[in-house]
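Have a look at the structure below before the remarks.
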Amino acid sequence: MPRPPVIEQLNWNEIFDSGVEFGSWCAGAEDEKNIEEIRSRIASLSVPESCVEKIQSLPRSVHVLVFAEDWCGDVIRHVPVLEQLASLSEAVSTRYLSRIDAPSVFARFLTNGGEAIPKFVFLNAEFTEYGNWGPMPSCCRELIARGKACNDVASARKEVSRKYAEDAACEVAFGEISELLALGGGQAKPA
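All residue numbers for the sequence shown refer to our numbering, where the first residue is 90 and numbers rise by one.
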């Protein structure tokens with residue numbers, strides 16, 4: 090019987106350290122208008138109260154490796170959510186890479202076979218990967234997957250746009266991302 094391929098073990102600490110902090114990522118952006126939009130969203134979004142205490146009381150460090158490029162609409166929409174949450178606690182640190190910076194790492198996080206961004210990779214205090222998120226909330230990822238399965242991605246994208254319009258405050262993304270941060274930061278998932 091043939092043996093399954095062995096996936097290379099990653100040094101997540103080294104990969105995380107190869108990324109840049111949010112400010113440096115912004116400084117190296119392709120389009121300043123997109124960065125202005127990201128910064129504007131950071132300033133205008135309000136973190137739901139249900140997330141604030143959860144993040145502020147993290148007992149351990151959480152590291153988030155972010156694959157993102159500023160031209161992407163989902164990056165513009167969801168990076169501000171992550172950065173708002175990260176700003177609530179010194180326990181949360183983020184580093185940014187483009188897909189080109191670490192293609193063999195990013196290839197492990199394809200969405201429905203595609204290179205969708207942003208992709209947030211969650212690492213605990215010991216730099217062990219324990220989860221990932223992106224490029225959009227789970228309900229929207231499911232819609233896109235169904236659209237691809239039915240060969241009607243255009244309708245799925247319209248439905249995702251409708252969901253985004255209904256959730257302009259990004260409450261679904263805040264909830265999902267804060268749950269992942271809390272899980273890696275040593276807080277038990279609620280029953």
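For every residue, glycine included, the Cβ atom is placed at its ideal position computed from N, Cα and C.
For clarity, every value in this text was computed on a predicted model and none was experimentally measured.
Worksheet item: Mapping DSSP to helix, strand and coil, what is Trp114?
Response: DSSP places Trp114 in helix when its eight states are reduced to three.
Ser244 and Lys143 - do their beta-carbons sit closer together than 8 Å? Contact flag unset, no.
Lys247, buried or exposed, once every other Cβ within 10 Å from all chains shown has been counted against 16: So Lys247 ends up on the exposed side.
| Expected contact under 8 Å - CB spacing of Ala262 and His167 to nearest Å | For Ala262 against His167, the beta-carbon gap comes to about 6 Å, under 8 Å, which counts as contact.
Checklist line | For Ser193 and Glu258, the rounded distance between their alpha carbons | finding: Reading the sequence as shown, one finds Ala at residue 258 and not Glu. A direct Cα-Cα distance of roughly 34 Å separates Ala258 from Ser193.
Length of the line joining the Cα atoms of Phe105 and Ser182 = Cα atoms of Phe105 and Ser182: separation of roughly 10 Å, rounded to the nearest angstrom.
For a test of the three-state rule: what should DSSP assign to Val136, helix, strand or coil? Coil, per DSSP.
Q: For Ser182, name the three-state secondary structure that DSSP assigns.
A: Ser182: strand per DSSP, three-state reduction.
* Which partner residues of Leu154 appear in the DSSP bridge assignment? -> Paired residue(s): Arg184, Val210.
*Would you say the stretch 162-176 touches the stretch 200-213, given that touching needs at least three Cβ pairs under 8 Å?*
Because the criterion of three Cβ pairs below 8 Å is met, the stretch 162-176 and the stretch 200-213 touch.
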